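Remember, our numbering sits 334 above the position in the first sequence when you count from 1. Glycine is no exception: its CB is placed at the ideal position from the N, C-alpha and C atoms. Please read these numbers as outputs of a predicted model, since none were measured by experiment. This report concerns only the one structure given below.
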Amino acid sequence: MLTLKLIQEKRDYVIDRLKVKCFDATEIVNKIISLDNQRKTLQSDTESAQKSMNEISKSVGMLMKEGKKDEAEKAKTQTAALKAKINEQTNQLKEIEVELQKNLVLLPNLPYEEVPQGKTAEDNKVVKMGNEIPTLTNALPHWELAKKYNLIDFELGVKISGAGFPVYIGKGARLQRALINFFLDEARNAGYLEIMPPTVVNQASGFGTGQLPDKEGQMYHCEIDDLYLIPTAEVPVTNIYRDVILDEKDLPIKNCAYTQCFRREAGSYGKDVRGLNRLHEFSKIEIVRIDTPEHSKESHKEMLAHVESLVKKLELPYRILHLCGGDMSFTAATCFDFEVFSAAQQRWLEVSSVSNFDSYQANRLKCRYKSADKKPQLCHTLNGSALALPRIVAALLENNQTEKGIRIPKVLVPYTGFEYID
RNA sequence: GGAGAGAUGGGUGAGUGGCUGAAACCACAAGUUUGCUAAACUUGCGUACGGGAUUACUGUACCGGGGGUUCGAAUCCCCCUCUCUCCGCCA
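And the structure:
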């Protein structure tokens, strides 16, 4: 969430910036400012009452010690009214703070200046394209290829779990493992520390990264234990730094993690969900960075370069989109999507989203850093997929189908141990 | 699942009603000394939100969370959560 300080000091700027996200913040911002001002007045008032109270209490102690019982009793009688006042005001303060908090979480993150104007995915700006789109004849979509070569059994998944939980078999399973190892190795070579986090998290973690309370319905929830299955490794890996004050010299922190990801995808159906296009469970390697405000943009560039190197090495036709204000997520300050072209479906498939959250997420997480003799200040957090497997697999299968089977990109062969799926 | 113990600052850990935002030690930072390193010594070292010339300084709150008793609570009482140990079960 945005900081109070920013809203107080740059009211008009905040409202103006949020217009890029097609969000009219005027009302909420005004409410927040008025609540905060009330809070300040009330707080000063309450604190001065508390001060008097503390002084009286102290004097009672002293008088008792000196054996002046009568005077002590007399002092005690002065406290009742004060106490009532303090109680009442403290309750009011709490109410105001709750209300303030409620309003604060309603405001999306401010988009950076360079974010394109626009409302929908149509307005996203293609900033780069790479690798040739292959021209295929009689190309099969990946779900048919998966059947033909016995790589993925979707029906079996339905039997065991339900739609959206495919079963990978033989070379299909090995391809998964190869991609996971390839992506992790690439990340490690780029300086990321490998983490293997839990895939089930508590409420506090869900709140920290912003899935809760707004996107509650997107996560699987184990009610008995009140735990959530993670929709992305971002959740556990970023929450490592919840309520943490880091040392400036430890930044930037660069972590990566492979996890299974679980998404309910409530409400989506139709041809978009065919095959591997949209799943309830899938594998993803995520890169996460914690950085200083001064360096986070540089970090973001490096992450984009890393993700681009992956799709390049996999020889997949790709394009990079700078998301417009309206299509960006609630929490992002700027975001680039990577899409690969799936030649049989003739569609671009999103395989990565690389975002800078500025201090928005850090403010929720209370993730701060400290330099020499300065006060702690909020970090910037960033993350991106590097990469999500299913759509990569869809594109690999479709684009590389040949007469003699499906060709594995050179860079993956050491990982798969085979050059063709046939 | 059964039984017990515990939760204090970055860490270890003292503290059974006021002089405790909190001893001591460790870690960390700055300085002094020594030819370097090390050692020794000195000093400093929590967070949040306020007030303030936004420097100095200063107020309030915070000892797992919430409530209560009291003029006054880290300390007493109640509830909750979590952690640890032992037993059982088990990958």
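Start and end of the alpha helix (DSSP H) containing residue i?
| i | result |
| --- | --- |
| SER393 | 360 to 399 |
| GLU343 | 338 to 343 |
| GLU433 | 413 to 438 |
| GLU628 | Here GLU628 belongs to no alpha helix (DSSP H), and DSSP marks it neither H nor E. |
| GLU568 | 568 to 573 |
| PRO748 | 747 to 750 |
Hey, out of the options, whose CA is closest to residue i's CA?
| i | options | result |
| --- | --- | --- |
| ASP559 | ILE349, ALA722, VAL535 and GLU632 | VAL535 |
| LEU293 | ARG597, ASN734 and LYS635 | The first residue shown for the chain is 335 and the last is 756, placing residue 293 beyond what the model contains. |
| PRO450 | ASN734, SER676, THR668 and GLY739 | THR668 |
| MET530 | ARG597, ILE349, LEU336 and VAL622 | VAL622 |
| ALA567 | LEU434, THR593, THR469 and LEU585 | THR593 |
| ALA383 | ASP358, THR626 and ALA415 | ALA415 |
| ARG597 | LEU336, GLU582, LEU563 and ILE579 | LEU563 |
| PRO627 | CYS658, CYS713, ILE587 and VAL645 | CYS713 |
| PHE616 | GLN735, PHE691 and LEU513 | LEU513 |
| LEU655 | LYS647, ASN573 and SER687 | SER687 |
| GLU307 | LYS392, ALA639, THR471 and ALA666 | With the chain covering 335 to 756 only, the question about residue 307 has no answer from this structure. |
| SER630 | PRO586, TYR754 and ILE726 | PRO586 |
| ILE503 | PRO724, LYS385, LEU485 and GLY496 | LEU485 |
| LEU441 | HIS555, LYS403, ASN421 and GLU361 | GLU361 |
| HIS640 | SER378, GLU520, LYS618 and GLY739 | GLU520 |
| ARG345 | CYS356, LYS365 and LYS355 | LYS365 |
| SER643 | GLY395, SER719 and LEU438 | SER719 |
| PRO468 | MET398, VAL607 and LEU730 | LEU730 |
| LYS374 | THR424, PRO724 and GLU400 | THR424 |
| SER663 | ASN443, VAL501, ASN697 and VAL607 | ASN443 |
| CYS356 | GLY659, ASP379, GLU753 and ARG608 | GLY659 |
| ASN371 | ILE349, ILE430 and GLY525 | ILE430 |
| PRO724 | GLY540, ARG741, ASN690 and ALA507 | ALA507 |
| GLU684 | LYS549, LEU721 and GLU649 | LEU721 |
Which of the three DSSP states is assigned to residue i in this structure?
| i | result |
| --- | --- |
| LYS453 | coil |
| ARG761 | Only positions 335 to 756 of the chain appear in this structure, which leaves residue 761 out of reach. |
| HIS640 | helix |
| LEU561 | strand |
| GLY544 | coil |
| TYR554 | coil |
| LEU474 | coil |
| LEU613 | coil |
| ALA354 | Checking the sequence shown, residue 354 turns out to be Val, not Ala. Coil, per DSSP. |
| LEU490 | helix |
| ILE349 | helix |
| GLU405 | helix |
| LEU444 | coil |
| GLU632 | helix |
| GLN695 | helix |
| LYS410 | helix |
| SER495 | coil |
According to DSSP, what are the bridge partners of residue i?
| i | result |
| --- | --- |
| ILE621 | CYS590 and GLY718 |
| SER663 | In the DSSP output, where bridge partners are listed per residue, SER663 has none listed. |
| ASP581 | LYS704 |
| ASN690 | THR668 and LEU716 |
| GLY739 | THR736 |
| GLU684 | GLU673 |
| GLN711 | TYR703 |
| LEU527 | ASN589 |
| ILE755 | ILE740 |
| GLU596 | Correcting the residue identity first, residue 596 is Phe in this sequence and not Glu. Paired residues: GLU615. |
| VAL805 | As displayed, the chain neither begins before 335 nor continues past 756, which places residue 805 out of reach and without an answer. |
| VAL534 | LEU563 |
Assuming residue i is part of the beta strand (DSSP E), what are its boundary residues?
| i | result |
| --- | --- |
| ASN484 | Element bounds for ASN484: n/a, residue is neither H nor E. |
| GLU520 | From DSSP, GLU520 is part of no beta strand (DSSP E) but of the alpha helix (DSSP H) over 505 to 523. |
| VAL460 | 459 to 464 |
| TYR652 | 652 to 656 |
| GLU649 | No beta strand (DSSP E) contains GLU649, which DSSP labels as neither H nor E. |
On the CB-based measure, 16 or more other CB atoms within 10 Å of its CB, does residue i come out buried or exposed?
| i | result |
| --- | --- |
| SER705 | exposed |
| VAL432 | exposed |
| ASN458 | buried |
| ASP625 | buried |
| ALA538 | exposed |
| CYS556 | exposed |
| ARG351 | buried |
| ASP358 | exposed |
| VAL727 | buried |
| LYS385 | exposed |
| SER787 | With the chain covering only 335 through 756, there is no way to say anything about residue 787. |
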